[in-house]
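Read in order, the letters of the sequence shown correspond to residues 4 to 68 in the working numbering.
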Amino acid sequence: MRKFDVAYFTASCDDADTNRRFAESLDLDYTILSDPKREIAQQYGVVTDERKVPYRWTFYIGQDG
4 MRKFDVAYFT ASCDDADTNR RFAESLDLDY TILSDPKREI AQQYGVVTDE RKVPYRWTFY
64 IGQDG
């Protein structure tokens with residue numbers, strides 16, 4: 004990914020502190036966004052009322068959104 008002119012990050016339903024510790028433990032060079040209330044995850048369809056653990060998906064979002 005580094006060779007392309009893109010911004011990349013991950014998103015997690017864990018809280019920010021948990022994500023920070025995880026990122027530090029792996030020496031990650033990208034951001035992990037936190038969505039502990041699962042609001043955005045629900046909008047993207049990676050969690051549902053029946054499935055609280057997020058599905059793992061990759062989304063490509065263009066500059067135009």
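The beta-carbon is built from N, C-alpha and C at its ideal position, and this holds for glycine as well. Remember, it's a predicted structure, so these values are computed and weren't measured experimentally.
In this structure, residue 61 lies away from residue 33, with their beta-carbon atoms at least 9 Å apart. Boundaries of the beta strand (DSSP E) around residue 36: 34-37. Counting along the chain, residue 21 sits inside the alpha helix (DSSP H) bounded by residues 19-29. The alpha carbon of residue 39 has as its nearest neighbour, out of 9, 8, 16 and 6, the alpha carbon of 16.
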